[in-house]
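Per our numbering, the sequence shown runs over residues 48 to 156.
Backbone N, C-alpha and C fix where the C-beta goes; we use that ideal spot for every residue, glycine too.
Data block below; observations after.
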Amino acid sequence: MLLTDKYADKIHGIITCYDRMIIQGYIPNWSHAEAMTAYMKLNGIRIFDYPTSFSQPLTEQVRQNAEKIAHENGMEIEFIRKLHAFRKDDRIQNIIAETGKTEGLIHIF
């Protein structure tokens, strides 16, 4: 089940785009440790189960969706091992120069 289906009653809209987006802000109920702990208690998630019961399933959904999109577009996902190994903008420009592709999905990091 997609997150958009699971939380359809709480979603006001879906944004799609062809470039990256930066969204800044915070979730008020999670903005400090006590609030996050309260949220987890309210939802029956033990704090020590957070990685496996809460974050890991979401991480897995994101990973599977990225792999699906890569497969549908005949691409491989390029994993970045070091945070500042290179500039992604420069890498994309190199890929565009190599492939000549300027529209649609160019690459997945």
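| Check | Outcome |
| --- | --- |
| Euclidean distance between Cα positions of residue 126 and residue 86 | 32 Å |
| Top-ranked residue by Cα proximity to residue 151, from 112, 121, 77 | 121 |
| Boundaries (first-last residue) of the alpha helix (DSSP H) holding residue 129 | That residue, residue 129, is in no alpha helix (DSSP H); it is neither H nor E in DSSP. |
| Cβ-based neighbour list, residue 94, same chain, cut-off 8 Å, excluding 5 preceding and 5 following | 84, 87 |
| Span separating the alpha-carbon of residue 147 from that of residue 113 | 23 Å |
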